[in-house]
Structure formats: structure tokens, C-alpha cells
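Remarks on the structure that follows.
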Amino acid sequence: MRDNLSSFSFTKALGAVLVLLGGVGPALRGAERPPNFVIIYADDLGYGDLGCFGHPTIRTPHLDRMADEGLRFTQFYSASSVCTPSRAALMTGRLPIRSGMCSDKRRVLFPDSGGGIPASEITLPEALKTRGYATGCFGKWHLGHLPPFLPTSNGFDTYYGIPYSNDMDRIAGAGPKGRAIFWEPRTEYWNVPLMRDTEVIERPTDQTTITRRYTEQAVSFIHEHRDDPFLVYLPHSMVHVPLFRSASFEGISARGLYGDCVEEVDWSVGQVLQTLRDLKLDRQTLVFFSSDNGPWLPFRDHGGTAGLLRDGKGTTFEGGMREPTIAWWPGRITAPGRVTLELGSTMDIFTTCLTLAGVDVPADRVTDGVDLSPVLFDNGPSNRKFVLYYRGTQLMAARLGPWKAHFFTQSSYQKDSRERHEHTPPLLYHLGHDPSERFNVNDEHPEVLVQIDALVTEHRQHLVAPPSQLEIPLKTDGD
Ligand code: MG
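So that you can map any letter, position 207 of the sequence shown is 230 in the working numbering, and since no number is skipped, the others follow by simple counting.
Right under this line is the structure:
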């Protein structure tokens, strides 16, 4: 029988061998290499816009199959209801207020912004690089378009995509005035650059082929790195207005142009998953599909739907921040086709990937993600117990278990969007019984408001908010 000392030496020696074989963390007992990660992030896709989330006329067979083979989250949240802060949180596992990637004056970064994701932030690809991951970003970045803020300065080996939203850089005088330009969009109305790494390679970007091209780039990256652990981040520009799809998707959807675009994103998901199957990497790859924020409702049928959830993009009602989310990892996600009611957040993707890769979560700062492994592998409740809903720097609402308290409410992109309503006591909804946030029950459950108040007090005690990156102007010559 081995004594304790020799047992220790044996374990240590085995660990050294495993490290020589390419670095294996404590979460990966027996695995030869850490798992690959693919994150597919749609833009402005609503909670109700997929077949497997109940849309009656949009067909999403590939996402439906992904859900049948994986895990569907019905209570999964973005950390913001608009693009830039949402993506900052996904990349850092931290609330945007902690990184300065939000603002009460400018809600996202623009082409005239001079700021971006601070170098002091540890991004998901930067953390995974410490384990030898190959990292590629293919799509809309929106965390700063100047050199220090681009993907290749923040942990990605390669980048192919547009640096900000596809409706920015609108060309003066081009197309119909006002919002009418969106109803029959043409790619030449917006001077959006397409970049490879740090170079602009096309301007304006031909947006009609952009979903297909991001997909092709991601697929070839997977082929190229089939023998390495890899992270593929595929943040589609679609289905953010102006809507574009390639010729083979024109007019195919009963939902019209918006449906065509969702169905092309669905095709893209199918291409990525089939590539993983063909390369026999499917059992070594965790794939997440989600969206950065809810549907942009004022754009009528060019925006999506949050289904039974209230309101949409820009707001802290459920329609603004709850996202249609699917996780896929054949052979590892238990009980495929499962639907979980457990809480999750895009910030948890950061922590989950690091944990599965055997990389330590940064300990020198507050992170807001949790490891979702108990939910993925169906061996316990979610580590996530609450959700905080920020609009810029203002904490608007908080969810604890099924209960959501609104301290403030404000609609978005509507005529009354400047009006912020304070609620004392807070409005209280039971999201299990009342997912549409219709029935305020604060007078019946004062004890819940006390619990939520304690949670918020605790959160604020540890909150440090640096100056906003979104308010830094672009320096021009002569400044
Ligand atoms: Mg968005």
C-alpha cells in the first residue's frame, strides 16, 4: 500500500506529465486537453424570435436541434440592455459599471468615441491564452475601434469584423430621411468599415454577405486550430437594423426581412456545429448561443419580439435583458433537450469557461460571473442567485430568486424615454407567476423587499465605478 508521501509524489509526477502534455486544470481530470469554447452572440435578437423559444413563423431548425441536443435556458440574462456594456460584461465577467464601459450620457460607443475597453481588464481570451488557447473573433466588436481597444489588443489572435454597430457611419444625404432609411436598406448608406486584425479591408462593408462571411471565417479558424484548444467568438452584426441577408436567404421567411436575417444566423449556427461534428470536436467543445440585448421595438417589423416578456432593448424590463440562450456540448451536457429554469448570465460564460479550462478566475478584482457547471451537468442548483439590472450607472432593478423589484423604470427609444419613474416602495413582480411583469405585489410581500434591499446594500458596499470610457471624445488633429 502506498503511503501518503509516495501517493503525493505520484500525484505530483502525474500532474507534471499532464502539464507537459499541454496544461490541464483541476476541472479536467483525465482529459487530454482543455475544452474548446464557441460563443455565438446575436445582436438585438428578442427572447421570442427563435422556433425553440416559441416564434410561430421564424424557422430555426439548427438552433432547435442545438437545443434538442443541449440545454435551453429560459432565465438567462445579458448584463445590459444595449450593445457596448453587454459585450464588455461578456468579455470580462464583470458588470459594466466596474470597467467604465457604460454611461448615462452615451449608452454605447460611437465612431466619434475615443475610449474603449481598458487595458487593465482581463478579457476571456486573455485569460484563456494563459492555457495556450487559439483565439479568434469574427463579427461586431463594439468595445472600442481605436488600436488599443481592438480584439487583437485584447487577447484575440485574429479578428475579422466591424468595430461598431452596422447603423453607424451613416452617410450624410444618402437614402431616405430619418428612420425611413431602414425600411429599404442599402449597404452603401452606411460607411461601416470591415477590418481584419487592425486594418480596414473594405469600406463600406458589403453587409449583404456579412453573416455568411463571418461564418466562413469562423469555420476556417476551427479547421486551422483543430489540434489546439480554441475560443471562437462569433458576434453577428445581425439582427440589428439595418437588416441585410445574402441572396440565398432573400424572401425565404414568412416573417419577412427580419425573419430572413434570423434564418441566416440560424444557418450560421448549423455550419459551426456541423464543422465541429465533422472534425470530431463536438464532444470537446462547449458552445453557447445568446444575444446581447432584447429587440429594438421602435423599428416595427424590422425589430424582433421579446415574446411574452415586457418591453425590449434599452430597458430594464425583462424584454430588454433576458435572452434566448442555448448551451451545447454533446456527451457532457446531461439529459439533452433539457430546459432549465435556473438563473444564468452572460457574465457566467466567462467564469464557466475559465473554470472548465482550469484557469483561475482573477482574484485581484470583483467579478460578477459564477460557474454554471452545476446547471450544465445537472448536478445542483445554479450558483447564480440574483440578477442586477443596470441602465448606465443606475441600478434600476434587482432579481432574487423569482422576485424582481424595480427601484426605477424607464422606457426606451420612445417619446417618453427621458422620463425616469422612481418607485418607493419598489414595484415587485413574481417572475415565475407573472413573467410579463403585469401585477405589482409589493404590498403583499414586504419581507421580500427587505431581502432585496439587503442584497443591494451589500453590492453597493463593494462597488467601485471608474470614469466612463463611453464619454471620452475622439481626439482629432490639432487637439
Ligand atoms: Mg445589440
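We put the CB at the ideal spot given by N, CA and C, even for glycine.
Counting only runs of at least 3 residues, the segment 169–211 fully encloses the following beta strand (DSSP E) elements, listed from N- to C-terminal order: 181–184. Ranked by Cα distance from K427, the first of T175, S435, P469 is P469. Boundaries cannot be given for I275, as no beta strand (DSSP E) includes it and DSSP labels it neither H nor E. Bounds of any alpha helix (DSSP H) do not take in Q417; it lies within the beta strand (DSSP E) bounded by 417–423. Taken from the Cβ of C284, every heavy atom of the ligand MG lies 7 Å or farther away.
Scanning its chain for C-beta atoms nearer than 8 Å, with the 5 sequence neighbours on each side dropped, one finds around I140 the residues A111, M114, T115, S122, M124, T146, L166, G167, F172, N177, Q492, in chain order. Note that the C-beta distance between S101 and T338 is not below 8 Å. If you ignore the 5 residues before and after L395, its C-beta comes within less than 6 Å of the C-beta of G367, D371, T375, all in its own chain and listed in chain order. The C-alpha of D283 is placed about 6 Å away from the C-alpha of E273.
Here K163 is buried. Its C-beta has 16 or more other C-beta atoms within 10 Å.
Taken in chain order, the complete alpha helix (DSSP H) segments of 4 residues or longer contained in the segment 280–333 are 280–301. Inter-residue distance for N406 and P397 is about 8 Å (C-alpha atoms, whole angstroms). For D394, the shortest separation between its Cβ and any heavy atom of the ligand MG does not lie below 7 Å. Taking all protein chains shown into account, V242 has 16 or more neighbouring C-beta atoms within 10 Å of its C-beta and is therefore buried. Going by C-alpha positions, L118 is about 22 Å away from V310. A distance of 8 Å or more separates the beta carbons of V223 and I63. Ordered along the chain, residues surrounding the ligand MG are D66, D67, V105, C106, S109, H263, D315, N316, K336 [Cβ under 7 Å from any heavy atom]. Rounded to the nearest whole angstrom, the C-alpha separation of P174 and F462 is 44 Å.
Pairing F161 with Y237 gives a Cβ-Cβ distance under 8 Å. Taking one beta carbon from each stretch, the segment 470–483 and the segment 411–431 have 3 or more pairs nearer than 8 Å; the two touch. Boundaries of the alpha helix (DSSP H) harbouring H246: 233–247, taken from the DSSP string. When C-alpha distances from S435 are compared across V382, T357, R355, V105, the shortest belongs to V105.
Linking F322 to G330 through their CA atoms gives a straight-line distance of about 16 Å. Taking C-alpha positions only, E445 is separated from A157 by approximately 47 Å. The three-state reading of DSSP puts S103 in coil, since its state is none of H, G, I, E or B. K336 sits buried, since 16 or more C-beta atoms from the chains shown fall within 10 Å of its C-beta. Looking at the DSSP output, C160 shares a beta bridge with Y182, Y256.
Rounded to whole angstroms, H482 and D301 show a C-alpha spacing of 46 Å. Using a 10 angstroms sphere on the CB of H263, the tally of other CB atoms reaches 16 or more, which defines it as buried. DSSP, reduced to helix, strand and coil, places P347 outside both helices and strands of the structure shown, so it counts as coil. Take D289, set aside five residues on each side of it, and the residues of its chain with a beta-carbon closer than 6 Å to its own are T83, H85, L86, in chain order. The straight-line gap separating the alpha-carbon atoms of N189 and S260 is approximately 7 Å.
According to DSSP, K128 shares a beta bridge with no other residue. Between S276 and I81, the beta carbon gap of about 6 Å places them in contact (Cβ cut-off 8 Å).
Relative to the Cα of E346, the nearest Cα in the group L73, R56, R88 belongs to L73. Note on S126: 16 or more other CB atoms within 10 angstroms of its CB, so buried under the neighbour-count rule.
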